[in-house]
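Asks: Quick note on the numbering used here: the sequence shown kicks off at 2 and runs consecutively.
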Amino acid sequence: MVKIVRLYVKDMDSLVELVLRVDPSCARSANFREWPDRFSRGIKTWGIINKGKLVATGSLSYYNIPGVAMKIPDFQVAVLDNGFVHPDFRGRGYHKALIIIRVINALWEGIYKIHSMTETGNIASIKNLEKMRFNNVDTQEIDYCRTYIFEFSSKFLINLFKVINKFRVFLLDIAFAGQGS
Ligand SMILES: CC(C)(COP(=O)(O)OP(=O)(O)OC[C@H]1O[C@@H](n2cnc3c(N)ncnc32)[C@H](O)[C@@H]1OP(=O)(O)O)[C@@H](O)C(=O)NCCC(=O)NCCS
2 MVKIVRLYVK DMDSLVELVL RVDPSCARSA NFREWPDRFS RGIKTWGIIN KGKLVATGSL
62 SYYNIPGVAM KIPDFQVAVL DNGFVHPDFR GRGYHKALII IRVINALWEG IYKIHSMTET
122 GNIASIKNLE KMRFNNVDTQ EIDYCRTYIF EFSSKFLINL FKVINKFRVF LLDIAFAGQG
182 S
């Protein structure tokens, strides 16, 4: 059975095991050692479990991560980062599924500017982002790597969630009307 789940600090061992398999240098980096902190800083992480084993992951951040030189223009930007799929489980759409769940989560929270970064040579990541309606909006040097900045561009989904969120606020206003007096 395959399922998408939210990951928490209790899942760190599985995360370390996965990232060690996908990108050992990343797993040993100072940045990765900060991961347990990421859970308490509101950064959300999802994973795909296949037959009880964590085989893919991806996170959603809302602000600059200390130590990473990302030039995010403001804090109202959601960032899809740390997408990893175990080599034995590639080509099954897991990364795309993790992109969708993070995009929907950001839109539901009313954040309509959604970025992701990938090195200019990372064809698999670039293809997935483009398929999921991300456009390349900039190219920057990040940590000495030439990096494309992608932005979610589906006007349909962005406008749909703007309407849904307005309606949710309207319903909450009605539900709580008069309760403050
Ligand atoms: C990036 C990553 C998450 C993608 O995993 P995935 O979605 O299972 O990857 P896939 O093998 O399905 O590749 C995605 C697409 O790129 C294509 N692709 C992959 N490598 C390619 C290559 N070298 N040349 C051309 N196309 C390539 C695949 O054919 C596929 O195309 P399709 O959707 O038209 O079938 C995975 O490769 C990974 O974990 N990489 C290491 C960590 C990483 O780079 N993360 C991203 C950081 S931004």
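We put the CB at the ideal spot given by N, CA and C, even for glycine.
Hey, how far is the Cα of M13 from the Cα of A178?
Replies: Stepping through the sequence shown from its first residue, residue 13 is reached at position 12. Stepping through the sequence shown from its first residue, residue 178 is reached at position 177. Cα to Cα, the separation comes out at about 43 Å.
Asks: Taking the beta carbon of N83 as the centre, do at least 16 other beta carbons fall within 10 Å, making it buried, or is it exposed?
Replies: Taking the first residue of the sequence shown as 1, we reach residue 83 at position 82. Result: buried.
Asks: Could you say if the region 138-151 and the region 86-106 meet the contact criterion of at least three C-beta pairs nearer than 8 Å?
Replies: Too few Cβ pairs lie closer than 8 Å, so no.
Asks: DSSP three-state call for Y95: helix, strand or coil?
Replies: Indexing the sequence shown from 1 puts residue 95 at position 94. Reduced to three states, the DSSP call for Y95 is helix.
Asks: If we count the other Cβ atoms within 10 Å of its Cβ and call it buried at 16 or more, is M133 buried or exposed?
Replies: Counting from 1 along the sequence shown, the entry for residue 133 is found at position 132. Result: buried.
Asks: Based on DSSP bridge pairs, tell me the residues matched to K11.
Replies: Within the sequence shown, residue 11 is the residue found at index 10, counting from 1. In DSSP, K11 forms no bridge with anything.
Asks: Which value, in whole angstroms, describes the spacing of the CA atoms of R169 and G111?
Replies: Within the sequence shown, numbered from 1, the residue matching residue 169 stands at position 168. Within the sequence shown, numbered from 1, the residue matching residue 111 stands at position 110. Their backbone Cα atoms lie some 11 Å apart in a straight line.
Asks: Which residues in the same chain as I44 place their Cβ atom closer than 6 Å to its Cβ, once the five residues preceding and following it in sequence are excluded?
Replies: On the sequence shown, residue 44 is found 43 positions in, with the first residue counted as 1. Result list for I44: S60 and S62, in chain order.
Asks: For ligand 1, any of its heavy atoms closer than 6 Å to the Cβ of F85?
Replies: As a first step, residue 85 must be located in the sequence shown, where it is residue number 84. Checking every heavy atom of ligand 1 against the Cβ of F85, one is found closer than 6 Å.
Asks: Classify A70 as helix, strand or coil using the three-state DSSP reduction.
Replies: Numbered from its first residue, the sequence shown carries residue 70 at position 69. Caution is warranted here: a pLDDT of 44 is assigned to A70, below 50, making its placement in the model unreliable, and the coordinate value is therefore given only provisionally. Of the three classes helix, strand and coil, the one that applies to A70 here is coil, per DSSP.
Asks: Using a 10 Å radius around the Cβ and a threshold of 16 neighbouring Cβ atoms, would you call R34 buried or exposed?
Replies: For the purposes of this step, residue 34 is taken as the residue at position 33 of the sequence shown. Exposed: under 16 other Cβ atoms inside 10 Å.
Asks: Tell me, which residues are paired with A79 by DSSP?
Replies: On the sequence shown, position 78 is the one that residue 79 refers to. BP columns for A79 point to I115.
Asks: Mark G48 as exposed unless 16 or more other C-beta atoms lie within 10 angstroms of its C-beta, in which case mark it buried.
Replies: As a position in the sequence shown, residue 48 is number 47, starting the count at 1. G48 should be labelled buried.
Asks: Taking 7 Å as the threshold (C-beta atoms), are T58 and F85 in contact?
Replies: The residue you call residue 85 lines up with position 84 of the sequence shown. The residue you call residue 58 lines up with position 57 of the sequence shown. In contact: F85 and T58 (Cβ atoms closer than 7 Å).
Asks: Taking the CB atoms as reference points, tell me whether L130 and F151 lie closer together than 7 Å.
Replies: Taking the first residue of the sequence shown as 1, we reach residue 130 at position 129. Taking the first residue of the sequence shown as 1, we reach residue 151 at position 150. It is a contact, given that the beta carbons lie within the stated cut-off.
Asks: Is T140 a contact residue of ligand 1, with contact defined as CB to any heavy atom under 6 Å?
Replies: For the purposes of this step, residue 140 is identified with residue 139 of the sequence shown, where counting begins at 1. Checking the Cβ of T140 against ligand 1 gives no.
Asks: R22 and H116: beta carbons closer than 7 Å?
Replies: Locating residue 22 in the sequence shown gives position 21, counting from the first residue. Locating residue 116 in the sequence shown gives position 115, counting from the first residue. No. Outside cutoff.
Asks: So, at 7 Å on beta carbons, what are the nonlocal neighbours of A70 in its own chain, with the 5 sequence-adjacent residues on each side left out?
Replies: For the purposes of this step, residue 70 is taken as residue 69 along the sequence shown, with counting starting at 1. With a pLDDT of only 44 at A70, under the threshold of 50, the placement of this residue in the model should not be trusted, and no figure is reported.
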